[in-house]
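To convert, take the position in the sequence shown, counting from 1, and add 52; that gives our numbering.
Ideal Cβ placement from N, Cα and C applies to all residues, glycine included.
Notes follow the structure.
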Amino acid sequence: MITEENIDVLTRTQHIVRQALDHLGCDASMYELLKEPMRLLTVRIPIKMDDGSVRVFKGFRSQHNDAVGPTKGGVRFHPQVSEEEVKALSMWMSIKCGIAGLPYGGGKGGIQCDPRLMSTRELELLSRGYVRAISQLVGPAKDIPAPDVFTNSQIMAWMMDEYSQIREFDSPGFITGKPLVLGGSQGRESSTALGVTIVLKEAAKVRGIAVAGSRIIIQGFGNAGSFLAKFLHDAGAKVVGISDSFGALYHSEGLDIPYLLAHKDAYGTVTNLFPDRLTNEQLLIQDCDILVPAAIENQITESNAGRIRAKIVVEAANGPTTQLATQILDNRGVMIVPDVLASAGGVVVSYFEWVQNNQGYYWPETEVQEKLEKILVAAFCKVLHTARNQNVDMRLAAYIVGLQRIVEAVKWRGWV
Ligand code: NAD
């Protein structure tokens with residue numbers, strides 16, 4: 053059966069890009085250029101596994117558009133990585149960079165593998181093999197990778213080391229999300245959650261909700277969800293619900309977030325400690341002021357959007373709300389802060405890391421946080437203003453704002 057959830061992520065992204073370009077008054081040739089990445093490299097990486105066998109892993113690097121500047125975006129290690137997904141994710145990165153006003157276009161990479169089933173040695177060989185395979189296409193002034201699903205600062209360190217050996221000079225600006233000692237930035241690890249917190253506070257202001265005392269549900273307790281729970285708890289909010297892939301916890305008076313943080317494992321699992329669990333589906337429709345999906349895609353769909361009780365949905369995850377659900381929520385007056393805006397904190401601090409690497413001068417965490425806040429508050433205001441002025445939902449407004457810079461740059465360069 054073809055449902056909205058089954059339509060591939062690239063087709064959905066192209067649909068909204070086309071709408072945004074129409075609002076920007078662009079002709080068909082601009083859509084023709086921007087509907088797909090400008091470059092896509094497919095690589096096959098042979099690895100000698102610990103048991104003596106050889107496995108060949110398939111990987112990709114997609115560069116959506118480099119009219120504004122070098123492309124930027126993470127590398128994910130996941131069995132379901134596909135060409136379509138990597139292409140769409142590189143387009144989302146273009147939009148995120150555009151919204152935040154960063155001098156980048158969007159990029160994304162991935163390798164089809166399951167890192168949970170690989171040894172440290174195999175992971176290191178794969179990380180280094182991937183860099184060798186894509187080395188002609190990437191670099192500090194060309195395309196700058198970063199962590200994504202199931203990749204971390206150790207993997208970034210191996211990749212940076214491999215690139216530096218190929219180029220024969222130290223190249224910290226080749227990749228972001230590195231350990232501090234190798235040129236990482238203060239505040240990078242919690243940057244996505246801090247960004248979500250900043251835009252959530254702006255959205256709450258618009259809706260007349262005080263964050264202190266407000267009731268918030270967070271779906272997902274991994275990197276994004278757990279740091280977010282901490283920030284919101286520290287801000288005096290009642291985090292009434294959290295979840296992971298095993299189930300959900302809900303308490304109308306607020307959960308004990310410090311306790312849950314102390315007991316979560318490296319994969320963001322904590323609810324297995326409690327026998328009385330709700331399902332993730334039940335959690336999403338519990339009473340709250342603000343709902344933050346921070347787990348996986350396609351969680352708010354046409355089947356539950358009518359029952360969501362939150363007044364604001366802030367999308368920390370990529371693609372958690374389908375297009376039909378977006379319309380249902382919008383018609384019901386629920387404010388959606390879309391993923392390309394809400395989760396942009398990670399790429400903004402990645403940009404700060406790259407700037408610091410280029411300068412060879414490093415900033416304290418407070419400076420990183422202040423700069424992040426300035427950028428995201430301005431981005432939120434711009435998207436809200438566009439939504440109101442052009443009478444469109446916040447998601448389309450975000451795409452209009454994000455694509456505007458690329459369109460301008462493409463025109464100045466005379467490409468279209
Ligand atoms: P993570 O792997 O650290 O955590 C994911 C969490 O979601 C875990 O708690 C896991 O148990 C839970 N989960 C997995 N499957 C689930 C399911 N079927 N139902 C409910 N919960 C489930 O991932 P993360 O880095 O926190 O990323 C979460 C989301 O935020 C993803 O959509 C990611 O693309 C997006 N995002 C993350 C970052 C970042 O810097 N971490 C940046 C931008 C966007």
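Expressed to the nearest angstrom, what Euclidean distance is found between the alpha-carbon atoms of residue i and residue j?
i	j	result
Pro-231	Arg-113	23 Å
Asp-491	Tyr-302	In the structure displayed, the chain extends from 53 to 468; residue 491 sits before or after that span and is not available.
Ile-309	Leu-246	16 Å
Leu-380	Ile-360	This sequence places Ile at residue 380; Leu is not what is there. Ile-380 and Ile-360: Cα-Cα distance of roughly 10 Å.
Met-212	Gly-320	27 Å
Tyr-474	Val-401	Residue 474 is absent from the model: the chain starts at 53 and stops at 468.
Ile-348	Ser-243	18 Å
Pro-131	Gly-260	43 Å
Asn-356	Asp-445	19 Å
His-67	Ala-369	20 Å
Val-248	Asp-103	43 Å
Pro-372	Leu-343	11 Å
Ala-281	Leu-313	9 Å
Ala-276	Gly-466	40 Å
Ile-458	Asn-117	8 Å
Arg-70	Ile-151	17 Å
Ala-450	Cys-433	11 Å
Ala-262	Gly-288	10 Å
Arg-107	Phe-129	15 Å
Leu-424	Trp-406	14 Å
Arg-91	Gly-157	12 Å
How would you write the range of the beta strand (DSSP E) that residue i sits in, first residue to last?
i	result
Asp-296	290-296
Val-106	106-115
Pro-345	342-345
Leu-129	Going by the sequence as given, residue 129 is Phe instead of Leu. Unbroken beta strand (DSSP E) run through Phe-129: 127-129.
Gly-162	157-163
Name the one or two DSSP bridge partners that residue i has.
i	result
Ile-207	Bridge partners of Ile-207: none, in fact.
Ala-300	Ser-295, Leu-330
Arg-465	Note: Arg-465 sits in no beta bridge, so no partner.
Val-95	Gly-111
Met-387	Ile-364
Arg-267	Lys-290
Pro-199	Val-127
Thr-373	Ile-352
Gly-191	Asp-195
Lys-100	Val-106
For chain D, is any of its Cβ atoms less than 7 Å away from the one on residue i?
i	result
Val-138	Any reference to chain D falls outside this structure, which holds one protein chain only.
How far does the alpha helix (DSSP H) with residue i in it extend, from its first residue to its last?
i	result
Val-399	397-411
Gly-181	172-186
Arg-440	417-442
Pro-310	309-315
Lys-257	243-258
Ile-147	135-152
Tyr-83	80-86
Arg-64	61-75
Problem - Meets three-Cβ-pair contact criterion under 8 Å: the region 263-272 and the region 328-340 - result: yes
Exercise for the section: Pair every Cβ in the region 183-195 with every Cβ in the region 207-227, then say whether three or more of these pairs are closer than 8 Å. Expected result: yes
Problem - Touching by the beta-carbon criterion (3+ pairs, under 8 Å), the region 251-263 and the region 363-373 - result: yes
Practice task
Would you check if there are 3 or more beta carbon pairs closer than 8 Å linking the region 76-90 to the region 452-468?
Solution key: yes
Practice task
Decide yes or no for the touch test of the region 164-173 against the region 135-149: beta carbon pairs closer than 8 Å, at least 3 of them.
Solution key: no
Practice task
Kindly confirm or deny that the region 197-214 and the region 178-189 touch, where touching means at least three C-beta pairs closer than 8 Å.
Solution key: yes
Problem - Stretch-stretch touch, CB-based, cutoff 8 Å, three pairs: the region 384-392 with the region 448-460 - result: yes
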